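Asker: Take a look at the following structure, please.
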């Protein structure tokens, strides 16, 4: 026998005609009348339950004239107000039409109760109360079975509330820091055609780069890579790119960035093998006549370990 059936059988038939107003209904459905006057305060799970069950109970009573279900919800709200924490409805105690619907409700309840019992009532009281009330709304509407839009609305509201609850109880990201070697700065200086001497514009860039690096030494490693365009033989361009890199290295050392002060000053000659701007062979391209200065240093990175911890 379902909860709703018990309530219906306990209602005096001779008074059925009196249920036309909230006042008249209050003669029979005492919990609805009682919760109507409650003004719960506080952020506890029970206080939030009172608010949620009151909303549903008054909607069922005043909008849908479903006094039986209104009384069911009101009873649970009044229990919460008196410090007796009610549990979500048990689907098997309701007249659910199909086994498929019953099974879905049972699985949903099991998941919800697990979250509640894991501490959600304390850590996320508002979200937990909303999820429980929305679940009970779904159970009640599923038993009635004749209003698909109402069933879907309650089910969707519950699933949304469950997502909110899961988000509220999710652990804070576990983060740690690690010191790693990574690129911290990069500068590119350009050269005239078939030249390895440093231009005035290139000199200004080097000066600025040196000033920046001197603020963070000695925890940097500098990589100097020389490049050429595709004009001329490849082996000639390798030598030209090496000369350009050597010119930049010499200038860096002249300004005090010596190997002894830094981890290293590593020079690479790329020739025409690593073009900034792809071209055919024999093409003059100013942006390919360059030296790249790359600084690697110790960088502190924040690492999110939540995923690893949860496994």
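In full-length UniProt numbering, the protein residues as written are 1 to 311. Glycine is no exception: its CB is placed at the ideal position from the N, C-alpha and C atoms. Small disclaimer: the values here were computed from a predicted structure and weren't measured.
Comparing C-alpha positions only, which one of 224, 166, 185 sits nearest to residue 116?
Answerer: Within the chain shown, the letter at position 116 stands for residue 116. Cα-wise, what sits closest to residue 116 is 166.
Asker: Taking only the alpha-carbon atoms, compute the straight-line gap between residue 215 and residue 257 and give it to the nearest angstrom.
Answerer: Along the chain shown, one-based indexing puts residue 215 at 215. Along the chain shown, one-based indexing puts residue 257 at 257. So the alpha carbons of these two residues sit roughly 12 Å apart.
Asker: Taking just the CA atoms, how far does residue 303 sit from residue 188?
Answerer: As a position in the chain shown, residue 188 is number 188, starting the count at 1. As a position in the chain shown, residue 303 is number 303, starting the count at 1. Each residue's Cα considered, the two are about 31 Å apart.
Asker: Under the rule that 16 or more other beta-carbon atoms within 10 Å means buried, what is residue 118, buried or exposed?
Answerer: In the chain shown, residue 118 corresponds to position 118, counting from 1. Residue 118 comes out exposed.
Asker: Alpha helix (DSSP H) containing residue 105: first to last residue?
Answerer: If you number the chain shown from 1, residue 105 lands on position 105. The continuous alpha helix (DSSP H) containing residue 105 extends over residues 99 to 115.
Asker: Give, in chain order, every unbroken run of the beta strand (DSSP E) that is at least 3 residues long and sits entirely within the stretch 130 to 191.
Answerer: 175 to 190
Asker: Go to residue 241, then tell me how far its alpha helix (DSSP H) extends in each direction, as first and last residue.
Answerer: The residue given as residue 241 occupies position 241 in the chain shown. First-last of the alpha helix (DSSP H) with residue 241: 234 to 254.
Asker: Might you give, ordered along the chain, the residues of its own chain that have their beta carbon closer than 8 Å to the beta carbon of residue 113, omitting 5 neighbours on each side?
Answerer: Here residue 113 refers to the residue found at position 113 of the chain shown. These residues qualify, in order along the chain: 87, 88.
Asker: Counting pairs of beta carbons, one from the stretch 204 to 214 and one from the stretch 228 to 247, are three or more of them closer than 8 Å?
Answerer: As far as the Cβ criterion goes, the stretch 204 to 214 does not touch the stretch 228 to 247, which means the pair count is below three.
Asker: What does the alpha-carbon distance come out to for the pair residue 141 and residue 96?
Answerer: Position 141 of the chain shown holds residue 141. Position 96 of the chain shown holds residue 96. Each residue's alpha carbon lies about 10 Å from the other.
Asker: Among 98, 91, 120, which one has its Cα closest to the Cα of residue 107?
Answerer: The sequence position of residue 107 within the chain shown is 107, counting from 1. The closest CA to that of residue 107, considering only 98, 91, 120, is found on 91.
Asker: Please classify residue 292 as buried or exposed, where buried requires at least 16 neighbouring CB atoms within 10 angstroms.
Answerer: Reading the chain shown from its first residue, position 292 is the one you call residue 292. Buried, because 16 or more other Cβ atoms sit within 10 Å of the Cβ of residue 292.
Asker: Where does residue 290 land, buried or exposed, given buried means 16+ other C-beta within 10 angstroms?
Answerer: For the purposes of this step, residue 290 is taken as the residue at position 290 of the chain shown. Buried, because 16 or more other Cβ atoms sit within 10 Å of the Cβ of residue 290.
Asker: So, does the CB of residue 191 fall closer than 9 Å to a CB anywhere in chain B?
Answerer: In summary, chain B is missing from the structure at hand, where a single protein chain is found.
Asker: Between the C-alpha atoms of residue 277 and residue 120, what's the straight-line distance to the nearest angstrom?
Answerer: Position 277 of the chain shown, counted from the first residue, corresponds to residue 277. Position 120 of the chain shown, counted from the first residue, corresponds to residue 120. Computed Cα separation, rounded: 58 Å.
Asker: May I ask you to report which of helix, strand or coil DSSP gives residue 56?
Answerer: Here residue 56 refers to the residue found at position 56 when the chain shown is read from its first residue. Of the three classes helix, strand and coil, the one that applies to residue 56 here is helix, per DSSP.
Asker: Output the boundary residues of the alpha helix (DSSP H) element that contains residue 68.
Answerer: By 1-based counting over the chain shown, the position of residue 68 is 68. It spans 67 to 81 - the alpha helix (DSSP H) in which residue 68 sits, taken as one unbroken run.
Asker: To the nearest angstrom, how far is it from the Cα of residue 84 to the Cα of residue 46?
Answerer: Sequence index remark: in the chain shown, residue 84 carries index 84 (1-based). Sequence index remark: in the chain shown, residue 46 carries index 46 (1-based). Residue 84 and residue 46: Cα-Cα distance of roughly 8 Å.
Asker: If you compare alpha carbons, which of 147, 143, 285, 66 is closest to residue 227?
Answerer: Residue 227 sits at position 227 when you count from the first residue of the chain shown. Sorting 147, 143, 285, 66 by C-alpha distance to the C-alpha of residue 227 places 285 at the top.
Asker: Under three-state DSSP, which class holds residue 126?
Answerer: Locating residue 126 in the chain shown gives position 126, counting from the first residue. Helix, per DSSP.
Asker: Leaving out five residues before and five after residue 300 in sequence, what residues of the same chain have Cβ atoms less than 7 Å from its Cβ?
Answerer: On the chain shown, residue 300 is found 300 positions in, with the first residue counted as 1. Within the same chain, residue 300 has close Cβ partners 177, 179.
Asker: Tell me whether residue 24 is buried or exposed, calling it buried when 16 or more other Cβ atoms sit within 10 Å of its Cβ.
Answerer: The sequence position of residue 24 within the chain shown is 24, counting from 1. Because the pLDDT of residue 24 is 48, which lies under 50, any placement of that residue in the model is unreliable, and the question is left without a value.
Asker: Return the CA-CA distance between residue 144 and residue 69, expressed in angstroms with no decimal places.
Answerer: Locating residue 144 in the chain shown gives position 144, where the first residue counts as 1. Locating residue 69 in the chain shown gives position 69, where the first residue counts as 1. Computed Cα separation, rounded: 10 Å.
Asker: List the whole-angstrom C-beta distance separating residue 191 from residue 244, where the pair is believed to meet the contact cut-off of C-beta under 8 Å.
Answerer: Your numbering for residue 191 matches position 191 in the chain shown. Your numbering for residue 244 matches position 244 in the chain shown. About 6 Å; that satisfies the 8 Å criterion.
Asker: Which of the three DSSP states, helix, strand or coil, is assigned to residue 23?
Answerer: By 1-based counting over the chain shown, the position of residue 23 is 23. The predicted position of residue 23 is uncertain, since its pLDDT is 49 and thus under 50; a value taken from the coordinates is nonetheless stated next. Helix, per DSSP.
Asker: By the three-class DSSP mapping on this structure, what secondary structure does residue 263 have?
Answerer: As a working mapping, residue 263 is identified with position 263 in the chain shown. The pLDDT assigned to residue 263 is 46, lower than 50, so where the model puts this residue is not dependable, and the model offers no usable value.
Asker: Comparing alpha-carbon positions, which option in 73, 82, 252, 255 lies nearest residue 136?
Answerer: The residue given as residue 136 occupies position 136 in the chain shown. For the residues 73, 82, 252, 255, the minimum Cα distance to residue 136 belongs to 73.
Asker: What residue range is occupied by the uninterrupted alpha helix (DSSP H) comprising residue 213?
Answerer: Here residue 213 refers to the residue found at position 213 of the chain shown. Per DSSP, residue 213 belongs to the alpha helix (DSSP H) from 200 to 213.
Asker: Between the C-alpha atoms of residue 155 and residue 138, what's the straight-line distance to the nearest angstrom?
Answerer: Residue 155 sits at position 155 when you count from the first residue of the chain shown. Residue 138 sits at position 138 when you count from the first residue of the chain shown. Rounded to the nearest angstrom, the two C-alpha atoms are 5 Å apart.
Asker: Determine, using beta carbons only, whether residue 124 and residue 80 come nearer to each other than 9 Å.
Answerer: For the purposes of this step, residue 124 is taken as the residue at position 124 of the chain shown. For the purposes of this step, residue 80 is taken as the residue at position 80 of the chain shown. No. Outside cutoff.
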